[in-house]
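**Q**
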Amino acid sequence: MEPILAPESIDLIALAPVIVLSVFAMMVLVVDLFGARDKGLLAFISLIGLLMTTISAFAKNPIPAYSFNDSYTVDHLSLFFICIFTISSALAILLSVEYNKREGIRAGEYYALILFCTVGMILLASSSDMIMIFLGVEIVSICLYVLAGIQRDNHRSNEAALKYFLLGAFATGFLLYGMALVYGSTGNTNLFKIADFMQNPSAQSNPLLLMGLVLLIIGFGFKVASVPFHMWAPDVYQGAPTPVTAFMAVGPKAAAFAAFFRVFAETFAAMAPSWEILLSIIAVLSMFFGNLGAIMQTNIKRMLAFSSISHAGYILIAVIAKNSLGSASLLFYMLTYAFTIFGIFGVIIILGRKGEENLEIKCYSGLAYKHPILAISMAIFLLSLGGLPPFAGFIAKFYIFSAAIQEGFIALVIIAVLNSAISFYYYLKVIVYIYMEEPTAEFKVSMSPLTLFVVLVGVAATINIGIFPGSIIALASH
Amino acid sequence: MFLTFVTFLPLAGAAFLIFTPKENAAAIKQTALAVAAADFLLSLFLWTNFDNTTHKMQFELNVPWIEAWGINFHVGLDGISLLLYVMTTFLTMICVIASWDVKKYIREYMIAMLTLSTGMLGVFVALDLFMFYVFWEFQLIPMYIIIGVWGGPRRVYASIKFFLFTAVGSLLMLVAILWIYFHIQETTGVATADILYITEHLSAPLGTQKWLWMAFFLAFAIKVPMFPFHTWLPDAHVEAPTAGSVILAGVLLKMGTYGFLRFNLPFFPQVSYEFVPMVAWLSIIGIIYGALVSMVQIDLKKLVAYSSVSHLGFVMLGIFALNPYGIQGALIQNINHGISTGALFLLVGVIYDRRHTRLIEEFGGLSKVMPKYAVCFMIVALSSIGLPGMNGFVGEFLILLGIFQVNAIWAACATSGIILAACYILWMFQRVMFMEAKNPKNLALQDINIREAFTIVPLIILIFWIGLYPKPFMDTFDTSVTHLVAKVSPDNFGPSPRNRHDDQRGKHARLITPTEMASLHHKLQAPKKF
Amino acid sequence: MFESTVPLPHYLMLSATLFVIGIVGVLIRRNVIVVFMSIEIMLNAVNISLVAFDHYMNLSSGQIFSFMVMCVAAAEVSVGLAIIIALHRNKPTVNLDEFNLLKW
Amino acid sequence: MLLKLTCMVPLYPLIGSIINGFFGLRIGKKAVGLVACGSMALSFLTSVLIYAGYLLLPEGQHVYEQIVWTWFAVGDFSVDFGFQVDPLTLVMMFVVTGVGLIIHVYAVGYMREEFSYYRFFAYFNLFVSAMLLLVMGNNFLLMFIGWEGVGLCSYFLIGYYFEKKSACDAGTKAFIVNRVGDFAFLLAVMYIFNIFGSIDFTEVMHAAPEKLIYGGEAVTIITMLLFVGATGKSAQIPLYTWLPDAMEGPTPVSALIHAATMVTAGVYMVVRCNALFNLSPLTMTVVAFVGGGTAIMAATIGMTQFDIKRVLAYSTISQIGYMFMACGVGAYTAAIFHLVTHAFFKACLFLGSGSVIHGIHGEQDMRKMGGLKKYMPVTYWTFLISALTIAGIPPLSGFFSKDEVLYHSLMDGNIAFWGMGISAALLTAFYMFRLVFMTFHGESRVDPSVHPHESPKVMTTPLVVLAGLATVGGMLGVPLFHGWHILHNWLQPVLHFDLASALQHSEHMLHAAGRHAPSWTHLLEPKEHSGWIEFSLMVFSTIVAVIGVAGAYIFYIKQPHLPAKFTAGQWGFNLVQNKYYVDELYDDVVVKPTVKGSNLLWKECDTKAIDGAVNGTAKAIGWFSRQAQTLQSGFVRNYALFIVVGFVSLLLVMF
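Chains as they are written, first to last, in my numbering: chain H, 172 to 649; chain Z, 40 to 569; chain Y, 217 to 320; chain B, 5 to 659.
1) Please report the distance separating the alpha-carbon of G545 (chain Z) from that of I110 (chain Z).
2) Residues of chain Z with a CB under 7 Å from the CB of I261 (chain B): which are they?
3) What is the DSSP secondary structure of L53 (chain B), reduced to helix, strand or coil?
4) What are the residues of the region 621-645 of chain B that lie near chain Y, defined by any Cβ-Cβ distance shorter than 7 Å?
5) Of all the CB atoms in chain B, is at least one closer than 8 Å to the CB of F473 (chain Z)?
6) In terms of alpha-carbon separation, which member of H:K424, H:P405 and H:I519 lies closest to M474 (chain H)?
7) List, in chain order, every chain H residue whose beta-carbon is nearer than 8 Å to that of A302 (chain Y).
8) On the CB-based measure, 16 or more other CB atoms within 10 Å of its CB, does D610 (chain B) come out buried or exposed?
9) Using a beta-carbon distance cut-off of less than 9 Å, what residues from the region 393-427 of chain H approach chain B?
10) Quick one: does E167 (chain B) have its CB under 8 Å from some CB of chain Z?
11) Taking the beta strand (DSSP E) that W75 (chain B) belongs to, which residues open and close that run?
12) Along the alpha helix (DSSP H) that carries D84 (chain B), what are the first and last residues, could you check?
13) For chain B, find out if any of its Cβ atoms is closer than 8 Å to the Cβ of D313 (chain Y); answer yes or no.
14) So, with DSSP's three-state summary, where would you put Y348 (chain H)?
15) Assuming K293 (chain Z) contacts L123 (chain Z) (C-beta within less than 8 Å), just tell me the rounded distance between them.
16) Return yes when the Cβ of A587 (chain H) is within less than 8 Å of the Cβ of G497 (chain H), no when it is not.
17) Could you please give me the residues that DSSP links to A97 (chain Z) through a beta bridge?
18) Going by Cα to Cα distance, which pick from H:V584, H:E613, H:I644 and H:I448 is closest to L501 (chain H)?
19) What does the alpha-carbon distance come out to for the pair M229 (chain Y) and I365 (chain H)?
20) Do S346 (chain Z) and Y463 (chain Z) come within 8 Å of each other at the CB atom, strictly closer than that value?
21) Should K461 (chain B) be labelled buried (16 or more other beta-carbon atoms within 10 Å of its own) or exposed?
22) Got a sec? Which residues, its chain only, sit under 6 Å from A380 (chain B) by beta carbon, not counting five neighbours each side?
23) Just confirm the distance between the C-beta atoms of F341 (chain B) and L470 (chain B), as a whole number of angstroms; I'd bet it's less than 8 Å.
24) Per DSSP, which one or two residues make a beta bridge with A319 (chain Z)?
25) Just mark E608 (chain B) as buried or exposed, buried being the case when its beta carbon has 16 or more other beta carbons within 10 Å.
26) Buried or exposed: F256 (chain H), going by 16 or more other Cβ atoms within 10 Å of its Cβ?
27) Which parts of the region 112-173 of chain Z are runs of the beta strand (DSSP E), unbroken and 3 residues or longer, counting only runs that do not cross its ends?
28) Got a sec: is the Cβ-Cβ distance from V455 (chain H) to anything in chain Z below 8 Å?
29) Note down, in chain order, all residues in the region 111-122 of chain B with a beta-carbon under 7 Å from any beta-carbon belonging to chain Z.
30) Apply the 10 Å Cβ neighbour rule to D541 (chain Z) and answer buried if 16 or more other Cβ atoms are within range, or exposed otherwise.
31) Below 7 Å between beta carbons is the criterion; list the residues of the region 507-531 of chain H that meet it against any residue of chain B, in chain order.
32) Looking at the structure shown, is P536 (chain Z) part of a helix, part of a strand, or coil, going by DSSP?
33) Find out if the Cβ-Cβ distance for the pair F387 (chain B), V440 (chain B) is shorter than 8 Å.
34) Is the separation between the beta-carbon of S294 (chain Y) and that of A261 (chain Y) shorter than 8 Å?
35) Would you say I321 (chain H) and P423 (chain H) are within 8 Å of each other, going by their C-beta atoms?
36) Please state if the CB of L362 (chain H) and the CB of T438 (chain H) are separated by a distance shorter than 8 Å.
Structure representation (structure tokens):
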């Protein structure tokens, strides 16, 4: 047996973001332990940590670089994803400060958990080994289990955590089994080696491998909340504290997609015909069930949960397209999605009241005439989610569709566009309440500067990326 | 640059209004009017400086927008779009005046109106498919808001219906646009969505072209709206506020017909030619159906809305006559419909403001109470039914003349629309304006006031101007239409349509900047695997 | 290292059976703890496969993998139990079907 | 040059109309009347000057064209806003401006009591302007402006009393029925452009024999369409129903629009397009038959009506039928001749009836008149003269023109046409004198509270002038003596048609198309025109007219109980009195089904089917949405089950 880990293959510089962030996370824990009364300090440290992480991510040059026996990769995809993660974590932390104060979440681990979760996401997006992927998935998941249930005395939060935990663990079983089967049929856990192995046509028809692929799809499908593995998402999104929901909808999802993309579009690209159809079915189902589910919702968080399921469907198209446009569009989509989602949840937090109240859509009646800035921001976010120009969501969708069209998945794109037409309906419904109904009750808003800042960042990014997407596209499509 | 300025001026005005305190209604209205009027005057300046001896785009601006995709910010006007452009600024101005008495959220209203204006102008100037699509979808938002916030009792239903109907159609167009984009990239090696370039170089297999054509058709047919995609229109019109209806009828519907002229015909001449019978019959059904249904309406606005279906049927018929008479007729009829139907909506708005009802049975004998109003209404109504000497006739006659060259039976069927038009308009007019004023609520109605006169008189002047001396209008698009007709002429459909443009190849090469070329090369050479 | 007389498919069958048992356990049991344990069975079923593969193909990463799985499972257990306890504080039950606030 | 004034002729009334329309209320009634009549007088005088100018035209030039501007042009299609002056136009101009002026003067008196006096004159002047455009336009489309313009003014003026529902209905009906004709007219214009590449009268008429095959499909369709247009405007079968209803308008309107000018526009148009009609024997026959049939039918209805204006309206329809019959047999001169004389006497009759109505305060029912002779002598005498004229008593003008029509219908047509014509003449004489006797003679049946009185000078003077014209108008076309037929000679340049060369061209075209040309030699045989036959026909028709008058005398003066006896319980009489139920037929067959069908289209097709499909899609999505929601049961184990089911299904798809 050869040595498992050659010392020269360990490249800590490549691993810098993980290390930096872990250090900061532990620092948060320590500071909290030694009586930081002001949780804002923790948030501040976390933000600094995220900033340092982002900077350290670019320490490795040139890219692509590999570390730990090629099980950790620093490439364009992972760098971009790290940026998405740090941005979304930062936004989540910004959203949390005021929210936690209001909801009485005093736990200092909160920020540490977010940072650890981000570590997991970075690992997930950078891993090129199944073991690493598994670790990443689990780090992310375990943090999220806790985060979802961080409001210990809230029944909904508890229930969300339980559901998420049980189902998450259940799905992990599938993922793991899939990995085991893939490992068994290829003899490798390293994705590069598996990809090489796949060049051999006879290897592609191994039933064990195919079975493993199906199981992997389930595992990843669960993490990205795609139908029929999505059932947890609405409940968890609704029950979890709002900033956590926002965080969950963006960061971990993006990380899962990164892994999804790496495993399927890159590693198993050679046997695409056998999984394309499965992913297409899942994508179509996700779009349909996501949108159909969203139409009837009255709770905005739950509606956004369903909407995020349908978005998972759209993003899957990028995975299916599996070309360079596909990866670029995936990156672009996740970035714009992050800004939009955090913006929208920012508005929700501002309008929410203690105890997760005031989340019914009809509570927003007449918002436009009391708080025009919030109203227009909300409208912009919703329209962007719907994919209407000139907002970022449109460019993102356009990007993904173009990737699919380039590969000839025209039917898939047609289904997707029809679905976005359905999705307009429920996005518009919210706008109807905001703009076209008369105010029914007074709005008690907690217009905290940090939250407002997130909203404004979201608006600025959504519009700016929508109108001048050039630079981001250039970054994404390297 | 100037064109860009004119196009975005209303948006800038809207942005300015955001920072105006909402209590100061007068200032808001004056600012909005000033912006709209300035925009109109500037667009007139475009018109006077327009060189109508060439079909080429003018006032062009072509700068890279999304370099990675080869998408440019490319604007320009030719004869086909210029008049629609001017009409948009004109109607925006009229609509701002017409909305003077809006009480509810006047600032937001004006912002929406001005934003809408930029959206519509953008559609007409865009020379890049991507950009076109952006504007095409973008203008939905302010219109949706205008209908939904300032509309009638069923405004929410109407606004969502309007939005979804249009969105469904245009989303399929998006797929077609993407397909074309990649096809062009594949066949010519140039990543571009430039409309002019695509017009020159698109050479898809005929079967595919049919699908693409259908995708564009659906988007535009819904917008026009053609039978049987029209049912959003009556709802939207009925619920929209007066100015919304005017813009809807005057400009938004024209975007559909414009789309046919800018995309369906030049992109897919052969397919367009093959689909002529289908479009013609749909248009004819639309003409007759719209007129018949219009006849039995009990709501004034609905009546006018259905009459739009009928009128736009004429326009479509003219376009698909594929000869200069028909297309020029269609273009002038586009303008005419904007003016006449716009004016009709304004006039209906006048009595709606006073009586808060649009039911025909509520009125009667108005010409005794409001004689000036009655005269205006009469003139507009007559223009709408195409009385010779007024604008409607010129367009309708040319359209019929055009389609007569193609098929006399179609012409005969379509011509029957003018009988029905007389029926529904005159019957309505009689019930509203003539007979005894039985309803006591109508006895004390104020005649048209100065502000309302300011909105309607310019339209009436145009009605007669175009009716008696349409030359300045028709000269504007004469050359462009001739060029277009030459393109869709069936003589052109050789086995390989690309060959005939061999000599013109490279003419648009300048559209592709070096950076774009570089990024394209990079993309082509970049390894797929990591 | 000794030569095994048990062929690989047997291990795999065992692993699959255990996995299915785990699934069925999750599906039919109502007790949170039992469901949780069923999930652990599933994870361990996977471990069997991993180790078996390693052994028969003379590899090593599978074993490492299975250690990782065990570690993670342990972590999961701690978090999971913590959640269940937190839950139990608010609502003294371990019947899964009673956690039904969030639906539709 | 005097002819440069051509464009001024329609412009004066237009200006008058605009002045009256915009400032009428401010400047007062007197000024309004002055403006209206003044503009008409100017127009008339200008016409005279143009006539002079026309006479000064160099030898051989028969048409003067004045292009004011190009209306619109696309490619090779171009329409000018241009006027033309030729003999036919001049005749029509004089009729329109002359008779128009007289009626304007009359109307000044007749409408004096009206509040919206100015509105009336604005419309009235506008009408004249449009009518002049119609007769002076040098192409089909300009004619069409006038064509629709007169229809529009007619609509306004019929509905002048817009508070009366019947008036509004009548106006709308007139416009819509006219539009049916316009529809055909427009199609004809398009067809003409398709063939000739031009729609200028001069060009088309000049090129017609070269481009159209005699009796060919194209020319038949074109002329048929044109004729349908004419039936609409000129109230012929089957589109005549609007004219009787049009009597809802003020009487001067009936006189000018619905008797003298507008309704004869169809005749003018047919004559103007004689070069086309000459090429289609089938159309000519149809025209003659429709004309003759209308003449008889309208006359029969006229006999049974009691509303004084309606009788005159049917009489108008009947007389226009004569004109068409003349056109149909190729006697265009006769048609124009009758048009002119008819303008005089029918205007006089209408104005007379207006005077009567005015004198007895708005009563129109003849059963409530009688014995009015002594109260309104001027009206009576002028009315009588006109009635004699229309009945065809020599030497009044109607005698000459009607006889010319009858003579040609026999000589150029056949005995059937003549039969129709002569029977219509008999009926005409009868019902006109029935009218005269019932109104002016016998016992007074006037409501005792009403004191009949003669109309003021301003109204009676026009009557006298028109009666005079009706008396001497026959001089325009004295028969029998060669060269005395002024009108015939005058119109020669317009009506000249070389059939022989047209046939030759047709033959060439047929041969070129590889088809066989039929033998047309019989067409070229010179027609016999015998003064002797003409004279005997004159005598015969005079006798017929006298019989008609005498019959009326017996029925309504001598033995007034007879009519009731004859008509009581007669189904035939009922049928005729109810105008053959044509209105009801149209109502049941066309109007009601259309409205019903439209309602059905709207409610069933639009709302239920199309919009139903749209909303149905939305509803279906909503339904699916609710179904999908129920899956989200909230039970964790259910969710796990879904994962497993998904797993199994994916496996099934995979393998």
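Cβ coordinates follow ideal geometry from the N, Cα and C atoms, glycine included.
Everything numeric in this text was worked out from a predicted model, so none of it was measured.
**A** Walking through what the data contain:
1) With a pLDDT of 36 at G545 (chain Z), under the threshold of 50, the modelled position of this residue cannot be trusted; read the value that follows with caution. Those two C-alpha atoms are separated by around 18 Å.
2) Neighbours of I261 (chain B) on chain Z: none; closest Cβ ~17 Å, over 7 Å.
3) DSSP places L53 (chain B) in the helix class (H, G or I) of the three-state scheme.
4) Residues of the region 621-645 of chain B with a C-beta atom less than 7 Å from some C-beta of chain Y are Q633, Q636, S637, G638, F639, V640, R641, A644 and L645, listed in chain order.
5) It does; some Cβ of chain B falls within 8 Å.
6) Ranking H:K424, H:P405 and H:I519 by Cα distance to M474 (chain H) puts H:P405 first.
7) Residues of chain H passing the Cβ test: G320, R323, N329 and A332.
8) Residue environment: D610 (chain B) is assigned as buried (16 or more neighbouring CB atoms within 10 Å of its CB, all protein chains considered).
9) So the close ones are F393, V398, P399, F400, H401, M402, W403, P405 and D406.
10) Contact of E167 (chain B) with chain Z is assigned, a C-beta pair being separated by under 8 Å.
11) Counting along the chain, W75 (chain B) sits inside the beta strand (DSSP E) bounded by residues Y68 to V78.
12) Element bounds for D84 (chain B): not the alpha helix (DSSP H) but the beta strand (DSSP E), F81 to V89.
13) Judged by the 8 Å Cβ criterion, D313 (chain Y) is in contact with chain B.
14) In this structure, Y348 (chain H) counts as helix in the three-state DSSP scheme.
15) That belief holds up - the Cβ atoms of K293 (chain Z) and L123 (chain Z) are roughly 5 Å apart, short of 8 Å.
16) Taking a C-beta distance under 8 Å as the contact criterion, G497 (chain H) and A587 (chain H) do not qualify as a contact pair.
17) First, the residue type needs correcting, since residue 97 (chain Z) is Gln and not Ala in the sequence shown. Bridge partners of Q97 (chain Z): Z:L116.
18) Closest by alpha carbon: H:I644.
19) Computed Cα separation, rounded: 24 Å.
20) With contacts defined by Cβ atoms closer than 8 Å, Y463 (chain Z) and S346 (chain Z) form a contacting pair.
21) K461 (chain B) should be labelled exposed.
22) With the sequence shown as reference, residue 380 (chain B) is identified as Met, and Ala is not the correct amino acid for it. G363 and E458.
23) Actually they are not in contact, since the Cβ atoms of F341 (chain B) and L470 (chain B) sit about 17 Å apart, beyond 8 Å.
24) DSSP output for A319 (chain Z) lists no bridge partner at all.
25) Under this definition E608 (chain B) is an exposed residue.
26) Classification of F256 (chain H): buried, given that the 10 Å Cβ count is 16 or more.
27) Counting only runs of 3 or more residues that sit fully inside the region 112-173 of chain Z, no beta strand (DSSP E) segment turns up.
28) Chain Z, which has no Cβ nearer than 8 Å to the Cβ of V455 (chain H), makes this no.
29) Within the region 111-122 of chain B, no residue places its CB atom closer than 7 Å to a CB of chain Z.
30) Confidence in D541 (chain Z) is poor, its pLDDT being 41 and thus under 50, which makes the residue's placement too unreliable to answer from.
31) Residues: none.
32) For P536 (chain Z), the predicted model reports a pLDDT of 44, less than 50, meaning its position is unreliable and no value from the coordinates is stated.
33) Against a cut-off of 8 Å, the Cβ pair of V440 (chain B) and F387 (chain B) comes out as a contact.
34) Inclusion of S294 (chain Y) and A261 (chain Y) in the CB contact set at 8 Å is not warranted, their separation being larger than that value.
35) No, the pair does not count as a contact, with Cβ atoms beyond the cut-off.
36) Yes; because the gap between Cβ atoms is below 8 Å, this pair is in contact.
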